[in-house]
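Colleague: What follows is a structure written as structure tokens; I'll ask about it next.
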Amino acid sequence: MGSQKQFNVVLFSFGFKYGTPVDVNYLMDMRFLPNPYWVEELKEKTGKEAEVADYVLLSKQGKATLTHLHSLVDFLVEQNMAAGKTILRIGVGCTGGRHRSVAVTEKIAKHLHAQPVTLSLFHRDIDKDSILQDA
Numbered sequence: 000m001g002s003q004k005q006f007n008v009v010l011f012s013f014g015f016k017y018g019t020p021v022d023v024n025y026l027m028d029m030r031f032l033p034n035p036y037w038v039e040e041l042k043e044k045t046g047k048e049a050e051v052a053d054y055v056l057l058s059k060q061g062k063a064t065l066t067h068l069h070s071l072v073d074f075l076v077e078q079n080m081a082a083g084k085t086i087l088r089i090g091v092g093c094t095g096g097r098h099r100s101v102a103v104t105e106k107i108a109k110h111l112h113a114q115p116v117t118l119s120l121f122h123r124d125i126d127k128d129s130i131l132q133d134a
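In numbering that gives the first Met the number 0, the protein residues as written are 0 to 134.
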């Protein structure tokens with residue numbers, strides 16, 4: 000009795016071209032960041048790989064975005080916990096869900112490790128083909 004409720008954060012990346020998630024509290028659109036898809040040596044890699052993450056996150060836009068997102072995520076966790084919520088679902092999207100959203104999601108996850116939360120992390124569309132094939 001009297002123990003604090005566990006607070007869960009579900010953080011995931013996705014590709015808008017595969018559909019917008021329905022069960023999400025906050026959705027972040029990263030399609031404005033530099034796109035590794037258009038760089039031949041990065042195209043087939045994912046945002047989990049250092050070269051892609053650096054291309055996205057070390058850009059001027061990437062650095063500014065992370066500064067703002069870290070503050071926003073801290074605020075959202077704090078406010079949702081204060082409101083008695085037990086779960087917060089954050090979706091981070093880009094066009095295909097392989098590069099920008101993955102890199103940003105991984106960085107937010109590292110930031111959240113300092114928070115008193117239980118984190119669930121996944122990348123919904125990371126393994127999907129970059130071009131939709133005929134059904």
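Positions of the beta carbon are idealized from the N, C-alpha and C atoms, including for glycine.
1. For residue 61, which of helix, strand or coil comes out of DSSP?
2. When you compare only the Cα positions, how much space is there between residue 89 and residue 39?
3. What residue does the beta strand (DSSP E) around residue 107 start on, and which one ends it?
4. Could you tell me which residues DSSP pairs with residue 92 in its beta bridges?
5. Just verifying my parser: in three-state terms, what is the DSSP assignment at residue 116?
6. What does DSSP give as the partner residue(s) for residue 122 in the beta ladder?
7. Using only the alpha-carbon positions, how far apart do residue 73 and residue 63 sit?
8. When we look at the beta-carbon of residue 133 and count the other beta-carbons within 10 Å, is it buried (16 or more) or exposed?
9. Confirm, please, whether the CB-CB distance from residue 8 to residue 116 is below 7 Å.
10. Quick one: give me the first and last residue of the alpha helix (DSSP H) that residue 55 is part of.
Modeller: Working from what's here:
1. DSSP places residue 61 in helix when its eight states are reduced to three.
2. Linking residue 89 to residue 39 through their CA atoms gives a straight-line distance of about 30 Å.
3. Element bounds for residue 107: not the beta strand (DSSP E) but the alpha helix (DSSP H), 99-111.
4. Residue 92 pairs with 13 and 28.
5. It is coil, neither helix nor strand.
6. DSSP lists 12 as partners of residue 122.
7. The alpha-carbon separation between residue 73 and residue 63 amounts to approximately 16 Å.
8. Note that residue 133 scores a pLDDT of 38, beneath 50, so its modelled location is shaky and nothing firm can be said.
9. Against a cut-off of 7 Å, the Cβ pair of residue 8 and residue 116 comes out as a contact.
10. For residue 55, the uninterrupted alpha helix (DSSP H) run begins and ends at 49-56, by DSSP.
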